[in-house]
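Trainee: Chains as they are written, first to last, in our numbering: chain D, 1 to 213; chain W, 1001 to 1213.
2 protein chains.
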Amino acid sequence: MSTIIHSNADILNMETRYRAAFINTLSGFKSANLIATIDEQGQTNCAVFNSVVHIGAHPPLLGFICRPDSVDRHTLENIQTTGVYSINHIHESIYLQAHQTSARYPKHQSEFDATGLHPEYLNGFKAPFVKESAVKMAMQLKSILPIAINGTLLVIGEIQSVSLPEDCMQTDGSVDIEKASTVAISGLDSYYKTQRLAKLSYAKPDSMPKVIG
Amino acid sequence: MSTIIHSNADILNMETRYRAAFINTLSGFKSANLIATIDEQGQTNCAVFNSVVHIGAHPPLLGFICRPDSVDRHTLENIQTTGVYSINHIHESIYLQAHQTSARYPKHQSEFDATGLHPEYLNGFKAPFVKESAVKMAMQLKSILPIAINGTLLVIGEIQSVSLPEDCMQTDGSVDIEKASTVAISGLDSYYKTQRLAKLSYAKPDSMPKVIG
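1) From this set, Gln97/D, Leu34/D, Ala98/D and Ala198/D, which residue's C-alpha is nearest Leu1096/W's C-alpha?
2) Beta-carbon within less than 6 Å of Ile1094/W's beta-carbon, same chain only, minus the 5 sequence neighbours each way: which residues are those?
3) Between the region 180 to 191 of chain D and chain W, which residues of the former have a C-beta closer than 9 Å to a C-beta of the latter?
4) Mind checking the region 46 to 60 of chain D against chain W and listing, in chain order, the residues whose C-beta falls within less than 9 Å of any C-beta there?
5) Where do the ends of the beta strand (DSSP E) carrying Gln1195/W lie?
6) Using Cβ-Cβ distances below 7 Å, what residues of the region 67 to 81 of chain D are close to chain W?
7) Nearest chain W C-beta to Glu120/D closer than 8 Å, yes or no?
8) With a 10 Å radius around its C-beta and 16 neighbouring C-beta atoms as the bar for buried, classify Ser1186/W as buried or exposed.
9) Do the CB positions of Ala1098/W and Tyr1105/W come within less than 8 Å of each other?
10) If you draw a straight line from the C-alpha of Phe1068/W to the C-alpha of Ile1212/W, how long is it?
11) Answer yes or no: do Leu1153/W and Ile149/D have a C-beta to C-beta separation smaller than 8 Å?
12) Identify the continuous beta strand (DSSP E) that holds Thr1044/W and give its terminal residues.
13) Who are the neighbours of Met1014/W on chain D, taking C-beta pairs under 8 Å?
14) Just checking: is the beta-carbon of Lys1199/W within a distance shorter than 8 Å of some beta-carbon in chain D?
15) Would you mind giving the Cβ-Cβ distance between Ala36/D and Phe129/D, rounded to the nearest angstrom? I have them listed as a contact below 8 Å.
16) Alpha carbon to alpha carbon, how far is Leu117/D from Val1071/W?
17) Scan the region 146 to 158 of chain D for residues whose Cβ lies nearer than 9 Å to a Cβ of chain W and list them as they occur along the chain.
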């Protein structure tokens, strides 16, 4: 199998869209989530994000990377105004609709209306959830960290509640997200289902990990 | 299918390991990478990271979340000292060895020796790559952003070069990381292979996305 090497100069010389497609695949598989918000006038917004990342378990924090000059901006504005949002896993039956939320709809048009996904309001939480999602989290904004080097932002929120199918809870506390049909993303446009190779035991220096599931 | 709801208070009351297992699955599928470094004395280090995330394509930037008080600390120290590191995709044949790098080896023991992975030096780059990986990136440290809320760090580097199998390059610039056998992670300990559902066309407001691959 022959190997190809792209240098930093090669990358900087790539055509813009080609480079974006290339670099976006290099981090590996990405999480697939819909972030839903509402503005003070009651206008909802829903957008696909592939950059949601674990920040910490105690307190329970998730982050995502936001580009203020892109379609992300309505999401960001609403989060800054209301302080709340929801993160909803994308599963195998809604990935087409989820991808469609990345189209540049005008601010007055909700992606919920445009894509066939449905807003759902639960337990008095102000931001909508995605009704079709199996795993839904209510998030409270905690911090927005500017990433000076390219003008993006790391938006961090604390999990206020998690709703998920009871039969996806495993005995060790982990959620079987494959059983929930959660998908993975590569790059900007490719969606994947998964097949578990193994759940491994906690690694210790004196023995190799064992397959525990 | 019955739904279960965990509130913020429920989460804060969970046993520590149970909570860590729970929260670590909620972001969705995660990238699976080995980060390799070297110290000024020539001692190598190699550690599994599931938090590598795309920061931007121009300049080409990847970030990862680092916990300074964990097994991540040797990786961080070496990156701070030398300014360089490599990010290497974990594929289906090395995920056991990759997981084993998370054991708490003493600083004087290289995870390369302990796990059966091999360091490889390419084109005069100071940090080692993982010989067994198919997709390898040389990284130059650009920024370390403190995440004050929980004492973690977002470490951002610029891609200096990328080495990958030539037949994984697609015509639009994206890399077929499934063809490279790159795996995905859920939580702290579960490894997955993937199966592509679809590659979708760029989303536009006036039509639903088309399957293009």
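Using N, Cα and C, we set each Cβ at its ideal position, and we do this for glycine too. Note that this is a predicted model, so its numbers are computed, not measured.
Mentor: According to the data block:
1) Residue numbering aside, residue 1096/W sits at position 96 when the second sequence is read from its first letter. Sorting Gln97/D, Leu34/D, Ala98/D and Ala198/D by C-alpha distance to the C-alpha of Leu1096/W places Ala198/D at the top.
2) Reading the second sequence from its first residue, position 94 is the one you call residue 1094/W. The answer, listed in chain order, is Glu1132.
3) Thr182, Val183, Ala184, Ile185, Ser186, Gly187, Leu188, Asp189, Ser190 and Tyr191
4) Val48, Asn50, Ser51, Val52, Val53, His54, Ile55, Gly56, Ala57, His58, Pro59 and Pro60
5) Taking the first residue of the second sequence as position 1, residue 1195/W is located at position 195. Unbroken beta strand (DSSP E) run through Gln1195/W: Ser1190 to Lys1199.
6) For chain W, none of the residues of the region 67 to 81 of chain D brings a beta carbon within less than 7 Å of one of its beta carbons.
7) Taking the first sequence and counting its residues from 1, one reaches residue 120/D at position 120. No, Glu120/D lies away from the interface with chain W (no Cβ there is under 8 Å from its Cβ).
8) Start at 1 with the first residue of the second sequence, and residue 1186/W comes out as number 186. Buried, by the Cβ-count rule.
9) Residue mapping note: residue 1098/W aligns to position 98 of the second sequence, counting from 1. Residue mapping note: residue 1105/W aligns to position 105 of the second sequence, counting from 1. Cβ atoms of Ala1098/W and Tyr1105/W: not closer than 8 Å.
10) Walking along the second sequence from the start, residue 1068/W turns up at place 68. Walking along the second sequence from the start, residue 1212/W turns up at place 212. Correcting the residue type first, residue 1068/W is Pro in the shown sequence and not Phe. Counting only the Cα atoms, Ile1212/W lies some 43 Å from Pro1068/W.
11) Translated into positions along the second sequence, residue 1153/W becomes position 153. Translated into positions along the first sequence, residue 149/D becomes position 149. Judged by beta-carbon spacing, Ile149/D lies beyond the 8 Å limit of Leu1153/W, meaning their Cβ atoms are not closer than that value.
12) Stepping through the second sequence from its first residue, residue 1044/W is reached at position 44. From DSSP, the beta strand (DSSP E) with Thr1044/W extends over Thr1044 to Phe1049.
13) Within the second sequence, residue 1014/W is the residue found at index 14, counting from 1. Under the 8 Å cutoff, chain D gives Gly173.
14) The residue you call residue 1199/W lines up with position 199 of the second sequence. Lys1199/W counts as touching chain D.
15) Taking the first residue of the first sequence as position 1, residue 36/D is located at position 36. Taking the first residue of the first sequence as position 1, residue 129/D is located at position 129. At roughly 6 Å, the Cβ-Cβ gap stays under 8 Å, so Ala36/D and Phe129/D are in contact.
16) Start at 1 with the first residue of the first sequence, and residue 117/D comes out as number 117. Start at 1 with the first residue of the second sequence, and residue 1071/W comes out as number 71. Their Cα atoms are separated by approximately 42 Å.
17) Pro146, Ile147, Ala148, Ile149, Asn150, Gly151, Thr152, Leu154, Ile156 and Glu158
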